[in-house]
């Protein structure tokens, strides 16, 4: 597949939701991400692959506002975006489900769902009952068997905690969803549920970054994939244009197959 | 797993007591503390009764008398006010070791302001003095707390170190401000915050009015909460549980009101009050007033037959109650409080959810400082003097009260009412041991032991629940 045919296809899909161009970030002299570029279109799932320490989580944390980039630009809807903290990212419709789930363990599901943007009564106090009602509604769609609304999320199972984290990401009309190892802590049944959910969200036109080191997950769910190694992008490809073995070669050796577009990290 | 799953299959295996507790949505931990408190009170009453029979207490001693309970409440206020702030500090995974020394600084500076500065300038007793002193004390406490918070949050110095430094430095500062002398006497209106004298309590009528008002509030809150639950189609408590909650709540409030109203002024004070207000003193009263019999418990009433004035709620206790209600509201109903708990539970998650945890830390320490300011007012007003010794070791009592009250040093867990109960429990031990004429050295050993025991029992409890 050539660059021309890819850009012809992107033109058909309209403007990208997100474009990250030449993003770099270093921690104490170590270049965690080195001139990485990545884009995402509405209704598309882009898998981000690589070994531990390849820089995929760091790159995505730049987008979600957890880290501040040293260089490079981020465009959201074609406009340059200033993302300095998680609040900025959320204001742009970028929601993140972290690998660690990032839940406040000692408060209940509703409090976690609304953490950082609590509903308040007209006297400015927390409207816990309205938040619980909304939480019941959204959890009813995601995980109909969920009943433990009054308990701290610490006491929930891995799958239940995952559904709270997902509920938080999709409840606020996210347009760009970042999922960092969303199925790492889940059993097979729950993994299948997450897969279903990703398909639903795609159909709604939400763009999803799926970070994973499980190549099978990415081949099942993603439309395109980008491989990173040592902080640099090895290459990007449409899932249909490459085989699993070729992608493994990209991850392990940085070798770019003919079906992929090489990046700065390619050998 | 134990059977704590709400609505889960395990619910069927609950016994009657568990069902009862769950229907009432009771905090079993708090229930345990109240039981411990009752056991301690009854124990001290019986023990003091054995030592000095006929003191008029509920079980024959001198602990469960209106007089002792009234004094106990006043004695608890200084620690209780500060511990409500310490709960938030500890929930946020921080610590404040400087509150005792901070209290000294604020008390001494406020004392110097009213005695040496405003007194000569405006004339002793000028109404501006007490008002300025109160505002100054709270502002100074907040300012010191703010600096602590900035050093911890933005300077990234551990709170243990910042406030340990404060503990040492502030005591020196207090000594310098006071030039080593005791600053006294306080302004006569300011003194009322200490609860001494007839004017420092609100009297029986207003106490009943207040008790009734709180009772009505409890009922309104129950009704409103139930209505909202029904509106959102949530499960409601059984109606008997709602009634029981209301009845027990009201009974507790009115019971405490009855106790504080059963404590009459000491004979001399009553006599003075009668003279000042032109109330005729019945014949025979003067002869016996001030004797040993008159000082002992309920006999005061019969001794001063016809000349008995109930005190009602003392002002420092009302301040403490107001602080407790406000702090509970802040902790549970405001976004600030929600952030404190969420951050204490998982600081990283709170940060990623968009909580400005640094500014939150500054706000919590500033609030702690403001509460130290309030405590400094009560403490210096109660002593009618400001000395550098005020507040000594208070940081340890404040932290101990919060921990005994169920605040977890790991962060994220704690309640305001629990901490106040913890303060009351510690003060009960100290006051009870004093009634039994036990040397204060032994009292310290006991209080320290109770602190460790309370945490141990709490650990066992939590392990069983989880």
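Protein chains in written order, with the numbering used here: chain A, 80 to 346; chain B, 49 to 514.
Positions of the beta carbon are idealized from the N, C-alpha and C atoms, including for glycine.
From a predicted model like this one, the values you see are computed outputs, not experimental measurements.
Measure the alpha-carbon distance for residue i versus residue j and round it to whole angstroms.
{"i": "residue 271 (chain A)", "j": "residue 121 (chain B)", "result": "60 Å"}
{"i": "residue 185 (chain A)", "j": "residue 251 (chain B)", "result": "43 Å"}
{"i": "residue 399 (chain B)", "j": "residue 244 (chain A)", "result": "15 Å"}
{"i": "residue 180 (chain A)", "j": "residue 247 (chain A)", "result": "10 Å"}
{"i": "residue 205 (chain A)", "j": "residue 340 (chain A)", "result": "51 Å"}
{"i": "residue 128 (chain A)", "j": "residue 249 (chain A)", "result": "23 Å"}
{"i": "residue 329 (chain A)", "j": "residue 105 (chain A)", "result": "23 Å"}
{"i": "residue 461 (chain B)", "j": "residue 334 (chain A)", "result": "52 Å"}
{"i": "residue 219 (chain A)", "j": "residue 422 (chain B)", "result": "47 Å"}
{"i": "residue 383 (chain B)", "j": "residue 408 (chain B)", "result": "11 Å"}
{"i": "residue 397 (chain B)", "j": "residue 191 (chain A)", "result": "9 Å"}
{"i": "residue 279 (chain A)", "j": "residue 217 (chain A)", "result": "14 Å"}
{"i": "residue 174 (chain A)", "j": "residue 149 (chain A)", "result": "22 Å"}
{"i": "residue 381 (chain B)", "j": "residue 101 (chain B)", "result": "48 Å"}
{"i": "residue 226 (chain A)", "j": "residue 282 (chain B)", "result": "12 Å"}
{"i": "residue 211 (chain A)", "j": "residue 299 (chain A)", "result": "34 Å"}
{"i": "residue 512 (chain B)", "j": "residue 452 (chain B)", "result": "18 Å"}
{"i": "residue 103 (chain B)", "j": "residue 198 (chain B)", "result": "53 Å"}
{"i": "residue 314 (chain A)", "j": "residue 240 (chain A)", "result": "34 Å"}
{"i": "residue 144 (chain B)", "j": "residue 153 (chain B)", "result": "15 Å"}
{"i": "residue 375 (chain B)", "j": "residue 274 (chain A)", "result": "45 Å"}
{"i": "residue 262 (chain A)", "j": "residue 507 (chain B)", "result": "34 Å"}
{"i": "residue 412 (chain B)", "j": "residue 406 (chain B)", "result": "10 Å"}
{"i": "residue 298 (chain B)", "j": "residue 308 (chain B)", "result": "16 Å"}
{"i": "residue 515 (chain B)", "j": "residue 149 (chain B)", "result": "No answer is possible for residue 515 (chain B): the residues shown for chain B start at 49 and end at 514."}
{"i": "residue 91 (chain A)", "j": "residue 118 (chain A)", "result": "Only weak support is given to the placement of residue 91 (chain A): the predicted model assigns it a pLDDT of 48, under 50, and the question is left unresolved by the model."}
{"i": "residue 243 (chain B)", "j": "residue 429 (chain B)", "result": "8 Å"}
{"i": "residue 314 (chain B)", "j": "residue 177 (chain B)", "result": "29 Å"}
What span of residues does the beta strand (DSSP E) with residue i cover, start to end?
{"i": "residue 116 (chain A)", "result": "109-119"}
{"i": "residue 288 (chain A)", "result": "286-290"}
{"i": "residue 443 (chain B)", "result": "Looking at the DSSP string, residue 443 (chain B) is not in any beta strand (DSSP E); the run it does join, the alpha helix (DSSP H), is 442-452."}
{"i": "residue 152 (chain A)", "result": "150-155"}
{"i": "residue 257 (chain A)", "result": "255-259"}
{"i": "residue 307 (chain A)", "result": "303-308"}
{"i": "residue 101 (chain A)", "result": "97-106"}
{"i": "residue 412 (chain B)", "result": "Segment 405-431 is the alpha helix (DSSP H) holding residue 412 (chain B); no beta strand (DSSP E) there."}
Is the beta carbon of residue i less than 8 Å from the beta carbon of residue j?
{"i": "residue 503 (chain B)", "j": "residue 477 (chain B)", "result": "no"}
{"i": "residue 294 (chain A)", "j": "residue 327 (chain A)", "result": "yes"}
{"i": "residue 465 (chain B)", "j": "residue 372 (chain B)", "result": "yes"}
{"i": "residue 214 (chain A)", "j": "residue 253 (chain A)", "result": "no"}
{"i": "residue 165 (chain A)", "j": "residue 143 (chain A)", "result": "yes"}
{"i": "residue 455 (chain B)", "j": "residue 467 (chain B)", "result": "yes"}
{"i": "residue 318 (chain A)", "j": "residue 296 (chain A)", "result": "no"}
{"i": "residue 114 (chain A)", "j": "residue 336 (chain A)", "result": "no"}
{"i": "residue 96 (chain A)", "j": "residue 155 (chain A)", "result": "yes"}
Kindly indicate the opening and closing residues of the alpha helix (DSSP H) around residue i.
{"i": "residue 82 (chain B)", "result": "76-99"}
{"i": "residue 173 (chain A)", "result": "No alpha helix (DSSP H) contains residue 173 (chain A), which is instead part of the beta strand (DSSP E) from 173-176."}
{"i": "residue 316 (chain A)", "result": "Where residue 316 (chain A) is concerned, there is no enclosing alpha helix (DSSP H), although the beta strand (DSSP E) it sits in stretches over 311-317."}
{"i": "residue 122 (chain B)", "result": "114-139"}
* **Residues from the region 389-407 of chain B in contact with chain A, defined by Cβ distance under 8 Å** => 389, 390, 391, 392, 393, 394, 396, 397, 398, 399, 400, 401, 402, 403
* Touching or not, the region 354-372 of chain B and the region 254-264 of chain B, by the rule of three or more beta carbon pairs under 8 Å? -> Yes, since at least three Cβ pairs between the region 354-372 of chain B and the region 254-264 of chain B fall closer than 8 Å, the two stretches touch.
* Give the residues from the region 158-175 of chain A that approach chain B closer than 8 Å (Cβ to any Cβ), ordered along the chain. => So the list reads 164, 165, 166, 169, 175, given in the order they occur along the chain.
* Any 3 or more C-beta pairs closer than 8 Å across the region 252-263 of chain A and the region 403-419 of chain B -> no
* Three CB pairs or more closer than 8 Å across the region 376-396 of chain B and the region 127-143 of chain B -> yes
* Where the region 192-204 of chain A meets chain B: residues whose CB sits under 8 Å from a CB there -> 194, 195, 196, 197, 199, 203, 204
* Asked: Going along the region 443-462 of chain B in order, which residues come within less than 7 Å of chain A, judged by CB to CB distance?
  -> 460, 461
* Asked: Counting pairs of beta carbons, one from the region 104-122 of chain A and one from the region 307-320 of chain A, are three or more of them closer than 8 Å?
  -> yes
* Residues of the region 362-386 of chain B with a CB closer than 9 Å to any CB of chain A: list them in chain order, please. => 377, 380, 381, 382, 383, 385, 386
* To do: Inspect the CB distances between the region 88-95 of chain B and the region 108-124 of chain B and report whether three or more fall short of 8 Å.
  => yes
* What residues in the region 272-301 of chain B have a beta carbon less than 9 Å from any beta carbon of chain A? -> Under the 9 Å Cβ criterion, the region 272-301 of chain B contributes 273, 276, 277, 279, 280, 281, 282.
* Quick one, which residues of the region 118-147 of chain A are near chain B if we go by CB-CB under 7 Å, in chain order? -> Residues of the region 118-147 of chain A with a C-beta less than 7 Å from any C-beta of chain B: 145, listed in chain order.
* Could you tell me whether the region 164-171 of chain B touches the region 484-498 of chain B, where touching means 3 or more Cβ pairs closer than 8 Å? => no
* contact_flag[the region 282-289 of chain A, the region 120-134 of chain A] where n(CB pairs < 8 Å) is 3 or more -> yes
* Contact the region 422-434 of chain B vs the region 223-236 of chain B: 3+ CB pairs below 8 Å -> yes
* Is there contact between the region 121-131 of chain B and the region 445-454 of chain B, where contact requires at least three CB pairs shorter than 8 Å? -> Contact between the region 121-131 of chain B and the region 445-454 of chain B is present, because at least three Cβ pairs lie under 8 Å.
* **Three or more C-beta pairs below 8 Å linking the region 319-327 of chain B and the region 198-210 of chain B** => no
* Asked: According to a CB-to-CB cut-off of less than 8 Å, which residues of the region 100-117 of chain A neighbour chain B?
  -> none
* Which of the residues in the region 299-313 of chain A, read from start to end, lie with their CB under 7 Å from any CB of chain B? -> none
* Pull out every residue of the region 204-217 of chain A whose Cβ sits closer than 9 Å to any Cβ of chain B, in chain order. => 204, 205, 207, 208, 209, 211, 212, 215
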